[in-house]
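Working notes for the structure below.
Protein chains: 2
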Amino acid sequence: MTVLADETPVLAVDVGGTTIKAELVAGDRILASRRATTPRGPAAIDAIGDIGDALLRGASGVPRAGVILPGVVDRRRGVGVFSANVGWQDVPAGACLSERWRIPVVVDHDVTVAGWAEWRLGAGRGVDDLAVVAVGTGVSAALVSGGRLLRGGLGQAGELGHVVVRPAGPLCGCGARGCVEAVASATAIAQAYEAGSGRSVAGAADVFALAEDDVVARSVVTEATAALADGLAGLVQLVAPARIVLGGGLADAGEVWLDPLRAALGTRCRVVAAPPLVAARFGARAGVVGAALLARQGPIDMGGAA
Amino acid sequence: MTVLADETPVLAVDVGGTTIKAELVAGDRILASRRATTPRGPAAIDAIGDIGDALLRGASGVPRAGVILPGVVDRRRGVGVFSANVGWQDVPAGACLSERWRIPVVVDHDVTVAGWAEWRLGAGRGVDDLAVVAVGTGVSAALVSGGRLLRGGLGQAGELGHVVVRPAGPLCGCGARGCVEAVASATAIAQAYEAGSGRSVAGAADVFALAEDDVVARSVVTEATAALADGLAGLVQLVAPARIVLGGGLADAGEVWLDPLRAALGTRCRVVAAPPLVAARFGARAGVVGAALLARQGPIDMGGAA
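Note that the protein sequences, when read in sequence, are chains X and Y. Under our numbering, the first sequence has 1473 at position 266, and the numbering climbs by one with no breaks. Under our numbering, the second sequence has 1344 at position 137, and the numbering climbs by one with no breaks.
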């Protein structure tokens, strides 16, 4: 697959468990964008098709699309193998969408591609050993080592959210207790605060805002920071990144979140030192930016771009 | 650096914190071998030199040597950057030994090279995503992902021994509490048994042998297995290996050790499944086998062999 010039308009689609985000992008310019709620099950493919159609209708000369999917993805065959959130199994997304849009469609895994975007164009530029960690509804990581994205053999590499750090801690969606995700995700922070205070919040950002005056909020934030730092410290000892980029919904909290996390990570890393910890550049748009890069460059590490 | 034929005799040296092991090897045949106690500090270089001289004296046509060092190693410059066990810092091992032996010397990191040997020639053959874990005096891992050895950016990748699994657990040599190494290494098992029973043992193998009848031994072994499984489960979620090879001194315990570890790992891996767990092929000789391969093939991943 040839590499397209940066300025070529491409269709970029990030399929999330709740929202489909799509953009027509040329270089850094967003020519048009659309969002839709993700329907459950294989019907999601029709919704992705519709949103792409709508964007392509208003454009001409769009030679390729990049589509990123959650869960387990077979990028070689362009298949969504499994996603609990979307509720699908073995969906030939690449083939279906390519037939519908009449352009080649490059498919890959959402977290990996979002991390790739931060590595190539964002806060991870310039290093060959990197962890891009997204903390939002869940917690996951894209890992780069020696200038290559780690993919994993059995299963997908980078499942930081399911490293257990509190064996007697809260139950995780995966069935284990005390996963990083069950304590340190935005969802877990909001839930722990609501359970502890009896009051409801719109999200984790509210809990951070309350932490200065509210004892329950402070304790929830402290515990979430400690749990994430425990997971990151293990990651650091195992893959020794030269930099960690923190993104996902919780990154909107900014330095209120990052600063204590940096301190907690520093005290925990002894044999392999804690690397610099920086905020992501693209935030929630990292997936779409990566999908556009995927459309332009073709499949990652498959005889094409690194 | 050209790749030498398998049958070419090479000098292979594994410098450990307590013992220097050296062999003259041609293909699978050990032509001669020597051991010596490792002196502390830079004097270790003289001892390595002596042992190599003695082996080279009895041979002719040895074109190259492979030397592997513990701790932090700068393989590009052939320098032992730091080793707490040997007690040295910034020792130009490659240059010194090359001048003394009058042959090129390829230098690399001991755990990485021992893992490389298991990957290329041993129990890890045939997979592109592998963890080779050594459990002995310490606990460490060599990681292979996508057909490449992970090296790490800041520091050395694979420090599984310093992933914390028991935050309130025993103090580790690194200064943290409850590292995998502080609970699950052969050293930790022997110490925990001696502390719990008031009786002394020759090593961890004795504790395994006692575990059927002795309550203290059983509890120490159970806890060590659980702690190692916790660390491995984290490793599996992060790098998703297709196979785990278990080696180091404790591997001599065999299935008595591996079987419960397999079961414990299986119950802990949920999002990324537990891969098959097999015993290493080369045991304590993996380092020397890898050093011989290093001598034959030249530097790993430096424009040469993978």
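Glycine residues also receive a C-beta, built at the ideal position from the N, C-alpha and C atoms. No experiment lies behind these values; they were computed from the predicted model shown.
**Message:** Taking the beta carbon of SER1352(Y) as the centre, do at least 16 other beta carbons fall within 10 Å, making it buried, or is it exposed?
**Reply:** On the second sequence, position 145 is the one that residue 1352(Y) refers to. Buried: at least 16 other Cβ atoms inside 10 Å.
**Request:** Could you check which residue in VAL1427(Y), ALA1416(Y) and ALA1409(Y) has the C-alpha nearest to that of ILE1396(Y)?
**Result:** The residue labelled residue 1396(Y) in the question sits at position 189 within the second sequence. That would be VAL1427(Y), whose Cα lies nearest to the Cα of ILE1396(Y).
**Request:** Just the C-alpha distance for ASP1459(Y) and ALA1411(Y), rounded to the nearest angstrom, thanks.
**Result:** Mapped onto the second sequence, residue 1459(Y) falls at position 252. Mapped onto the second sequence, residue 1411(Y) falls at position 204. Taking the straight line from one Cα to the other gives about 10 Å.
**Prompt:** Name the chain C residues that come within less than 7 Å of ALA1447(Y), Cβ to Cβ?
**Reply:** No chain C is present in this structure, whose protein chains are X and Y.
**Request:** Could you work out which residue in THR1209(X), VAL1318(X) and PRO1249(X) is closest to ARG1271(X) when comparing CA atoms only?
**Result:** Position 64 of the first sequence, counted from the first residue, corresponds to residue 1271(X). The shortest C-alpha separation from ARG1271(X) is found at THR1209(X).
**Item:** Rounded distance between the beta-carbons of ALA1321(X) and GLY1494(X), thought under 8 Å
**Value:** As a working mapping, residue 1494(X) is identified with position 287 in the first sequence. As a working mapping, residue 1321(X) is identified with position 114 in the first sequence. Sure, about 4 Å apart at Cβ, within 8 Å.
**Prompt:** Does DSSP put THR1429(Y) in a helix, a strand or coil?
**Reply:** The residue given as residue 1429(Y) occupies position 222 in the second sequence. Shown here, THR1429(Y) sits in a helix according to DSSP, grouped into three states.
**Item:** Neighbourhood of GLY1294(Y) by C-beta, 6 Å cutoff - its chain only, sequence neighbours within 5 removed
**Value:** Within the second sequence, residue 1294(Y) is the residue found at index 87, counting from 1. Once the five neighbours on either side are set aside, the close Cβ partners of GLY1294(Y) are ARG1247 and GLY1248.
**Message:** As an exercise, report each continuous beta strand (DSSP E) stretch of at least 3 residues that is fully enclosed by the segment 1440-1477 of chain X, in chain order.
**Reply:** The qualifying runs are 1450-1454.
**Asked** Is it the case that the Cβ atoms of LEU1337(Y) and GLY1329(Y) are separated by a distance below 7 Å?
**Response** On the second sequence, residue 1337(Y) is found 130 positions in, with the first residue counted as 1. On the second sequence, residue 1329(Y) is found 122 positions in, with the first residue counted as 1. Cβ distance not < 7 Å, so LEU1337(Y) and GLY1329(Y) don't count as in contact.
**Prompt:** Can you find a CB in chain X that lies within less than 7 Å of the CB of ALA1513(Y)?
**Reply:** Position 306 of the second sequence, counted from the first residue, corresponds to residue 1513(Y). Reliability fails at ALA1513(Y), whose pLDDT of 40 lies under 50, so the model's placement of it is uncertain and no value is given.
**Asked** How big is the Cα-Cα spacing for ARG1241(Y) and VAL1452(Y)?
**Response** Reading the second sequence from its first residue, position 34 is the one you call residue 1241(Y). Reading the second sequence from its first residue, position 245 is the one you call residue 1452(Y). Using only the alpha carbons, I get a separation of about 27 Å.
**Message:** Using a Cβ-Cβ cutoff of 8 Å, what residues of the segment 1320-1353 of chain Y are near chain X? List them in chain order.
**Reply:** Interface annotation for the segment 1320-1353 of chain Y against chain X: VAL1334, ASP1335, ASP1336, LEU1337, ALA1348, LEU1350, SER1352 and GLY1353, criterion Cβ-Cβ distance under 8 Å.
**Item:** GLU1403(Y) - DSSP class collapsed to helix/strand/coil
**Value:** Your numbering for residue 1403(Y) matches position 196 in the second sequence. Sequence inspection shows Gly at residue 1403(Y); the Glu mentioned does not correspond to that position. Look at GLY1403(Y) here: in three-state DSSP terms it is helix.
**Asked** If we count Cβ pairs, one from each stretch, closer than 8 Å, do we get three or more for the segment 1440-1451 of chain Y versus the segment 1360-1373 of chain X?
**Response** The segment 1440-1451 of chain Y vs the segment 1360-1373 of chain X: in contact.
**Prompt:** Are at least three pairs of beta-carbons, each pair with one atom in the segment 1291-1305 of chain Y and one in the segment 1466-1483 of chain Y, less than 8 Å apart?
**Reply:** As far as the Cβ criterion goes, the segment 1291-1305 of chain Y does not touch the segment 1466-1483 of chain Y, which means the pair count is below three.
**Request:** Compare the C-beta of CYS1381(X) against all C-beta atoms of chain Y and say whether one is closer than 7 Å.
**Result:** Along the first sequence, read from residue 1 onward, the residue named residue 1381(X) stands at position 174. Output row for CYS1381(X): interface = yes.
**Request:** Go through its chain and collect everything with a Cβ distance to THR1344(Y)'s Cβ below 6 Å, but skip five positions before and after it.
**Result:** The residue labelled residue 1344(Y) in the question sits at position 137 within the second sequence. Cβ within range, chain order: THR1394.
**Segments assigned alpha helix (DSSP H), at least 4 residues, entirely inside the segment 1475-1506 of chain Y** = Fully enclosed alpha helix (DSSP H) runs of no fewer than 4 residues occupy 1493-1504 of the segment 1475-1506 of chain Y, in order along the chain.
**Asked** Per DSSP, HIS1316(Y) is paired with what?
**Response** Locating residue 1316(Y) in the second sequence gives position 109, where the first residue counts as 1. According to DSSP, residue pairing for HIS1316(Y) in a beta bridge involves LEU1276(Y).
**Item:** Which of helix, strand or coil DSSP assigns to GLY1287(Y)
**Value:** The residue given as residue 1287(Y) occupies position 80 in the second sequence. Residue state, collapsed to three classes: strand.
**Item:** Complete alpha helix (DSSP H) runs within the segment 1309-1366 of chain Y (minimum length 4 residues, chain order)
**Value:** Runs found: 1317-1328.
**Residues from the segment 1471-1493 of chain X in contact with chain Y, defined by Cβ distance under 8 Å** = Of all residues in the segment 1471-1493 of chain X, the ones placed with a Cβ closer than 8 Å to any Cβ belonging to chain Y are ARG1475, ARG1477, VAL1478, VAL1479, ALA1480 and PRO1482, in chain order.
**Asked** What are the boundary residues of the beta strand (DSSP E) that includes ASP1413(Y)?
**Response** Here residue 1413(Y) refers to the residue found at position 206 of the second sequence. Looking at the DSSP string, ASP1413(Y) is not in any beta strand (DSSP E); the run it does join, the alpha helix (DSSP H), is 1411-1417.
**Item:** Pairwise C-alpha distance: GLN1398(Y) and GLY1423(Y)
**Value:** For the purposes of this step, residue 1423(Y) is taken as the residue at position 216 of the second sequence. For the purposes of this step, residue 1398(Y) is taken as the residue at position 191 of the second sequence. Note that residue 1423(Y) is Val in the sequence shown, not Gly. Approximately 12 Å, taken between the alpha carbons.
**Expected contact under 8 Å - CB spacing of VAL1346(X) and GLU1401(X) to nearest Å** = One-based indexing of the first sequence puts residue 1346(X) at position 139. One-based indexing of the first sequence puts residue 1401(X) at position 194. The C-beta separation of VAL1346(X) from GLU1401(X) comes to about 19 Å, leaving the pair out of contact by the 8 Å criterion.
**Asked** Taking C-alpha atoms, which residue in VAL1232(Y), ALA1302(Y) and ALA1416(Y) lies nearest to GLY1265(Y)?
**Response** Against the second sequence, residue 1265(Y) aligns to sequence position 58. Ranking the options by Cα distance to GLY1265(Y), first place goes to VAL1232(Y).
**Message:** I want to verify the contact list: residues of chain Y whose CB lies under 8 Å from the CB of HIS1369(X), in sequence order.
**Reply:** Locating residue 1369(X) in the first sequence gives position 162, where the first residue counts as 1. Near HIS1369(X) (Cβ distances below 8 Å), the residues of chain Y are GLN1444, ARG1477, VAL1478 and VAL1479.
**Asked** With a CB to CB cut of under 7 Å and the five nearest residues on each side skipped, what residues in its chain are close to GLY1234(X)?
**Response** Taking the first sequence and counting its residues from 1, one reaches residue 1234(X) at position 27. Within the same chain, GLY1234(X) has close Cβ partners ASP1213 and GLU1214.
**Item:** SER1240(X) (DSSP reduced to helix, strand or coil)
**Value:** Locating residue 1240(X) in the first sequence gives position 33, where the first residue counts as 1. In the structure shown, SER1240(X) sits in a strand (DSSP, three-state: E or B).
**Request:** Kindly identify the DSSP beta-bridge partner or partners of LEU1182(X).
**Result:** A query on residue 1182(X) cannot be resolved here, the shown segment of chain X reaching from 1208 to 1513 and no further.
**Request:** Could you pull out every residue in the same chain whose Cβ sits closer than 8 Å to the Cβ of ASP1286(Y), ignoring the five residues on either side in sequence?
**Result:** The count along the second sequence starts at 1 and reaches residue 1286(Y) at position 79. Note that residue 1286(Y) corresponds to Val in the displayed sequence, not to Asp. Here the set comprises VAL1280, ASP1297, VAL1298, PRO1299, ALA1300, GLY1301 and VAL1314.
**Prompt:** chain Y partners of ASP1437(X), CB-CB under 9 Å?
**Reply:** Translated into the one-based positions of the first sequence, residue 1437(X) becomes position 230. Simply VAL1371 and PRO1374.
**Request:** Using a Cβ cut-off of 7 Å (strictly closer), state whether GLY1510(Y) contacts chain X.
**Result:** For the purposes of this step, residue 1510(Y) is taken as residue 303 along the second sequence, with counting starting at 1. For GLY1510(Y), the predicted structure reports a pLDDT of 41, less than 50, and the residue's modelled location is therefore unreliable. A value from the coordinates is still provided. No, no contact with chain X.
**Item:** Test: GLY1224(X) CB closer than 7 Å to a CB of chain Y
**Value:** For this step, residue 1224(X) is matched to residue 17 along the first sequence. So no, GLY1224(X) is outside the interface.
**Positions along the segment 1413-1441 of chain Y whose CB lies within less than 9 Å of some CB in chain X** = The segment 1413-1441 of chain Y vs chain X, Cβ under 9 Å: ASP1437, GLY1438, ALA1440 and GLY1441.
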